[in-house]
Every structure is written in structure tokens, then in C-alpha cells.
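Respectively, the protein sequence lines represent chains A and B.
Residue numbering for the first sequence follows our numbering, starting at 30 and increasing by one per position.
Residue numbering for the second sequence follows our numbering, starting at 30 and increasing by one per position.
Quick reminder that beta carbons are idealized off the backbone N, C-alpha and C, glycines included.
Let me begin by presenting the structure, written as C-alpha cells, before commenting on it.
Number of protein chains: 2
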Amino acid sequence: MKSFSISMKFELTILGCNSAKPANGRHPTAQVLNIQEELILIDCGEGTQNRMNDFGIKRGRIKYIFISHLHGDHIFGLPGLLTSYSLNTRTEPLTIFAPSGLQEMIEVVLKNSGSILSYPIYFKVTNPEISSKIFENEVFEVYTIPLQHRVPTNGYLFREKERPRNIIPEKIQEYEIPFSQIPAIKKGEDLKLPDGITIPNEELTLSPPPPRSFAFCSDTVYNEAIIPIIDGVDLLYHEATFLHERLQRAIQTKHSTALQAAQIAQKSNAGQLIIGHFSSRYRDVTPFLEEAQSFFEKTHVAEEGKTYQVI
Amino acid sequence: MKSFSISMKFELTILGCNSAKPANGRHPTAQVLNIQEELILIDCGEGTQNRMNDFGIKRGRIKYIFISHLHGDHIFGLPGLLTSYSLNTRTEPLTIFAPSGLQEMIEVVLKNSGSILSYPIYFKVTNPEISSKIFENEVFEVYTIPLQHRVPTNGYLFREKERPRNIIPEKIQEYEIPFSQIPAIKKGEDLKLPDGITIPNEELTLSPPPPRSFAFCSDTVYNEAIIPIIDGVDLLYHEATFLHERLQRAIQTKHSTALQAAQIAQKSNAGQLIIGHFSSRYRDVTPFLEEAQSFFEKTHVAEEGKTYQVI
Chain A
30 MKSFSISMKF ELTILGCNSA KPANGRHPTA QVLNIQEELI LIDCGEGTQN
80 RMNDFGIKRG RIKYIFISHL HGDHIFGLPG LLTSYSLNTR TEPLTIFAPS
130 GLQEMIEVVL KNSGSILSYP IYFKVTNPEI SSKIFENEVF EVYTIPLQHR
180 VPTNGYLFRE KERPRNIIPE KIQEYEIPFS QIPAIKKGED LKLPDGITIP
230 NEELTLSPPP PRSFAFCSDT VYNEAIIPII DGVDLLYHEA TFLHERLQRA
280 IQTKHSTALQ AAQIAQKSNA GQLIIGHFSS RYRDVTPFLE EAQSFFEKTH
330 VAEEGKTYQV I
Chain B
30 MKSFSISMKF ELTILGCNSA KPANGRHPTA QVLNIQEELI LIDCGEGTQN
80 RMNDFGIKRG RIKYIFISHL HGDHIFGLPG LLTSYSLNTR TEPLTIFAPS
130 GLQEMIEVVL KNSGSILSYP IYFKVTNPEI SSKIFENEVF EVYTIPLQHR
180 VPTNGYLFRE KERPRNIIPE KIQEYEIPFS QIPAIKKGED LKLPDGITIP
230 NEELTLSPPP PRSFAFCSDT VYNEAIIPII DGVDLLYHEA TFLHERLQRA
280 IQTKHSTALQ AAQIAQKSNA GQLIIGHFSS RYRDVTPFLE EAQSFFEKTH
330 VAEEGKTYQV I
């Protein structure tokens, strides 16, 4: 059956989980999402290409980059990554989603550094004011999540599409189903036997597991308006720049606390929560975990190089 | 005598020695020069601020940045470094020397990333066509070195100024020289005793060691025109992107080979040579050392994190 297996991966690898600047061995924001072997980069702080080297991410396979906002700690790795692709003679197009302004920045940087890319970039400007579907292919779709930060910012909700039905192995033998017909049956079609009899799909297959979802919410002040958008999300990444004892600082800088991230996770019925984007003032982030878990037990603290399964 | 001691440091720390993109554990070009505790950054590839963290460089003490050319592997660390300074609430001005185009790039990046710096930057545009003195203070002076590369490029020659004379410790006791007069004597003045007698400076001091110099030559094709400019330099950093077996590729991409770097060092009577800017195709750079040393024995292969004394 191996030839029909489709990767069912849906996993997130953290490349950087610090805020603002590199400190305490942590790096600025970047994550790689793998949805059934479609590789997606989310934010791209300085040194993202190094982190990919370190963690064995095949960066050449990334076709889409989603940028939440234009603060440097979320984008300053882009010029290096984009020109390294060119040095590797990439030809496949790259699509970059971001709020307005990124294209101008990248174009001026490339022009003044004398860089001519070997592949096309398609810039797609997001509207951080509303939630809308901005992308879909056969495997997944993406919605924006309006966030409240000091500059125009949106998160992203990645939703897997309905997966193929699971064929029951014994039925292949029983009805001598030819290989060529299996993809159609996995899509839900009935089986027509040579003698004219039709076997209904329900007899041959089992329902696929339900589609999975991941929401990326960084950077943002505590904002309950996002709850209906991400309701029921399987994995939520929500920023937690400060501990709750610094709530005033969080409000002032339009960031969130670990407790607030947990509150959003709980109110949106999330399956799991990852918190990150820690302020450089915290060398040890264990208290973040304790604070968030006091409210939402299924919390993880983002760890660079670690891969989290979306289940 | 400790209160009169002046740091006599003249040393170079390599932060990155790879070309083009990070590979084989090496990083793009960046170096820190310490001339009598004046800290100078030369080129600033992506991740330079991380390398400074790694190697304990006090980046806040850097007042001058010298950029050779605008290829990404020499400048893509600037946006992150400049905004991190601001996050550290730097107020001291920063002066950046570079060929034309850098200011536009940095200003567009800062504008679009919503960054307002806490300190002023003074951009000084170099002319890569001629060698001229572009900077001097009490401690050192800097000259441009025209290089031949695919975009306008210049190296930099850093020359220490004449150092203070060395006072002979026994003379302080013999003539009961007050502390307040020592700086003037170190500058070459005679000593006037209370009884009216004048002791000539030559009796009190020894000549200082000769001024030292460092030349940074990257990126460039083999170019003998630089030899008279750097003649007699104590430490020469010259790029060596390829081994000589790839001479044609070096010529085509306007880079140099290890052998050519050694030839420039030998013909310019350099004291020592450091080669770097290695192509990512080479995992092991030992052959670079062997090739260069076959022609110029006092060659070092650049090693990230290592500090080289200028003597």
C-alpha cells in the first residue's frame, strides 16, 4: 500500500521564539509549518536561514511565506533568505503574504545590493483590518486574523482541507481492485466491477480523520475579537511577551502576557497552546509555562528546533 | 604607573569568514577592529549581532562602521544591529562609511518596519574609484582602497597615529616628576624643574613603537594597483574565495584565489596575511592555507571568533 500513502503530516517547527532582538540563546520569530509536505514559512527574523541549516529544514521546498507585520524581528531575515535562494539558482516562484510595505522594502534592498533573483516573487498584500480567506490549494486554506499591535498586523489561520478517505486494505484483495482505481475510491467514488455490479464507497472506505488547523497570533495585545475566528483551532501559537505581573507594560507596548495567551486559548476551545515571543528580560521562561498552565493546561513553551504535532 | 597606561591594543576579531551565504558553520563577512579600545565594525553580514553576542564583543562601544560594498553578505546584518542599538536606547551617534546606496536602503527599511532610532546615524559616502583619507581622529586614520568587483567596492586601510613616547620609570623618581606633567612629557615636551633647569625629553623618554596598520581588501579580483596603497602594511586581510585551480571562476566572478592573495601580500611587503571569504563549495579550508603559505609563509586562515594581533 506504500505507493498510495499520502503524507499526513501537520506539524510546526519553531526556529525563533524571542522578541525584538536575539538574547539568552533565543532568536527572533520564525516558524516552519509542514502541512502534508507543503512547507510554509511564517515570519522571518534575522538569521532564519541559519536556523533552517541548524535544524535540517529543506528551505528550497518552501513555496509560501506568511509575514505578520513589518517589525524588524519578523522580517530582517528575508533579504538573506531571498538572495540565498538565488545563489542556489532557485527557479520556482515564491509567494509572500504580508501587510503593505514589504514589497517596497525588499525591492529597494535588492536593487541597492545589486541582486537579481533567479526566480519570481509574487507579493500579496494582506488587509490586517478584516479576516478573509487569502489563499487555498488542494491541501489547505489560509485566513487572516486581525491583530492589535503598534503597526498593521495580522495573524494567520491555516486549515487543512478534507483528507482522502481511508481505503480498507482487505477490500482491495476481496474485489481485486486495480491500483489505477484506488485514488478515485479514496476521493469517495463507488467501485464498478467488470460484471457490472457496483460496490458503494461506504463498503470500501472509512471516513478520514477530521481536518486539522493551526493559528499564528503574534504580535498582539489581548484581543477577544479573534476568538470567533480561531474557535476550535487544534493548535494555537499566541505570543506571550511578558509575565502577567508586567501587564501594564504589555498593554503599553501592545503585547500579551502568558496568562492572557492562556485565556485566549481557553475561550477559543483550542486543542493545544504554544506561547513564545518572550521578552529578552527573561533568561528563564519556566515561569511562563507555570503561569499559562495555571489557566490552560495543554500549554507548551516554544523551544527553538522543536517540532510540535498538530493533532 | 597604571593610571597613565594607555591601551596599546591593535587587534582584529573575525566574526564571519564565508562568502555569499552561511554554510559549513561559517557566516558572511564581518570583523571587529580594536585600535587602542576604539571599536570599529568592518562589514556586517546577516547575524553579525549574534556573532558579537557569541564572542563577547561589546557592540555598544562601536562608533564607526566601514562597509566595503553593498552585496547582501556584507550588509544584511545592518538593519538588525541598528534597531537593536535602539532597543538598547543607544544615544551616541554612529557613523557609517559605505559606497553610495546604503543610506537609501537603510532609510526605506527603517521607515517600512516602523523603526525610529534613539540615536543619529551619519552616513558618509565613499568614492571607490580613488584612494583618499576619509577619516581621522587622535588615534587612527582611514584611507579607502579601490577594489575591482562586480559592484562599486572599496577596501579600507587603518593606520595608527604616532603613539605617545614611553617614559623611563626611573626618571620619574629621579626628578620627582609630578603626575600632572607626565602626559606632556609623553607627548615630547621637556621637563622644567623648580630650580629652572630644563631636562630634555630625550633623557626622560624612549621612542614609541612604530605605528601599526591593517588593510581590509574584500571583495576583489586580483589587482596589483592596490599594492602601493597598502605597501608595508602590518596585517593584510585579503579575500580568497577560491583555490587557484578555479582561477577562471575567480576572474569571472571578480574574486581572488588563495595564491593570488598571497602574491598581493608578498608584493606589498605585508607583515602578516589573513585570508577569508571562502566559497561555500569548500567544507575544509586547510588547502587554502597550504596554497597561500607556499607563496607567503605568514598566512593565517580566518577563523570565526579568533582574534589576531597586529604587530
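Around the Cβ of Ala-213 of chain A, a 10 Å sphere holds fewer than 16 other Cβ atoms; the residue is exposed. Cβ proximity to chain B below 7 Å picks out Glu-75, Gly-76, Gln-78, Asn-79, Asn-82 and Leu-99 from the stretch 72–99 of chain A. The residues Phe-245 and Ile-303, in chain order, have a CB closer than 6 Å to that of Tyr-266 of chain B in the same chain once the five nearest residues on each side in sequence are set aside. Remark: C-beta atoms of Glu-333 of chain A and His-103 of chain A do not approach each other more closely than 8 Å. What Phe-105 of chain B touches in chain A, judged by beta-carbon distance under 7 Å, is Pro-108 and Gly-109, going in chain order. Under the 8 Å criterion on CB atoms, Arg-275 of chain B is classed as non-interfacial with respect to chain A.
Interface criterion not met: the Cβ of Arg-310 of chain B is under 8 Å from no Cβ in chain A. Residue pairing by DSSP places His-267 of chain B opposite B:Cys-246 and B:Ile-304 in a beta bridge.
Taking one beta carbon from each stretch, the stretch 121–137 of chain A and the stretch 175–194 of chain A have 3 or more pairs nearer than 8 Å; the two touch. Tyr-151 of chain B is not a Cβ neighbour of Ser-161 of chain B, given a cutoff of 8 Å. Annotation: the continuous alpha helix (DSSP H) that includes Asn-141 of chain B extends over 131–141.
Nearest neighbour of Ser-144 of chain A by Cα position, chosen from B:Ile-259, B:Gly-101, B:Lys-38 and B:Tyr-148, turns out to be B:Gly-101. Contacts with chain B at 8 Å (Cβ-Cβ) include Lys-50 of chain A. A straight-line Cα-Cα distance of about 21 Å links Tyr-148 of chain B and Asn-79 of chain B.
When C-beta atoms of the stretch 311–331 of chain B are compared with those of the stretch 289–299 of chain B, three or more pairs fall below 8 Å, so the two segments count as touching. Judged by DSSP in its simplified three-state form, Gln-78 of chain B adopts helix. One Cα belongs to Leu-233 of chain B, the other to Asn-53 of chain B, and the distance between them is close to 55 Å.
Using a CB distance below 7 Å, the part of the stretch 36–70 of chain B facing chain A consists of Ala-49, Lys-50 and Pro-51, ordered along the chain. Rounded to the nearest whole angstrom, the CA to CA distance from Phe-169 of chain A to Lys-140 of chain A is 34 Å.
Fully enclosed beta strand (DSSP E) runs of no fewer than 3 residues occupy 39–45, 59–64 and 67–73 of the stretch 39–80 of chain A, in order along the chain. The shortest C-alpha to C-alpha distance from Asn-195 of chain B to any of B:Gly-217, B:Ile-43, B:Leu-176 and B:Leu-70 is the one to B:Gly-217. A Cβ of chain B is located within less than 8 Å of the beta carbon of Arg-179 of chain A. Put simply, the CB of Thr-112 of chain A is near chain B, with a gap under 8 Å to one of its CB atoms.
In this structure, Phe-317 of chain B lies near Leu-272 of chain B, with their beta-carbon atoms less than 8 Å apart.
Val-154 of chain B is bridged by DSSP to B:Ala-127.
Taking CB atoms only, Leu-116 of chain A has a neighbour in chain B less than 8 Å away. Residues are counted here when their Cβ sits less than 8 Å from a Cβ of chain A; for the stretch 123–150 of chain B these are Gly-130, Leu-131, Glu-133, Met-134, Val-137, Val-138, Asn-141, Ser-142, Gly-143 and Ser-144, given in chain order.
Between Gly-101 of chain B and chain A, the shortest Cβ-Cβ separation is below 8 Å. From the listed residues A:Val-137, A:Asn-47 and A:Gln-60, the smallest Cα separation to Lys-335 of chain A is found for A:Gln-60. At a Cβ-Cβ threshold of 8 Å, Lys-92 of chain A and Leu-123 of chain A count as neighbours. Using a Cβ distance threshold of 8 Å, Leu-111 of chain A and Ile-135 of chain A count as a contacting pair.
Sequence-distant partners of Thr-120 of chain B (beyond 5 residues in either direction) whose C-beta falls short of 8 Å from its own C-beta, in its chain, are Ser-147 and Tyr-148. In its chain, beyond the 5 residues on either side, Pro-57, Asp-102 and Ser-309 have a beta carbon closer than 8 Å to the beta carbon of Lys-50 of chain A.
Distance from the CA atom of Phe-243 of chain A to the CA atom of His-284 of chain A, rounded to whole angstroms, is 20 Å.
Where Glu-320 of chain A is concerned, the enclosing alpha helix (DSSP H) starts and stops at 315–322.
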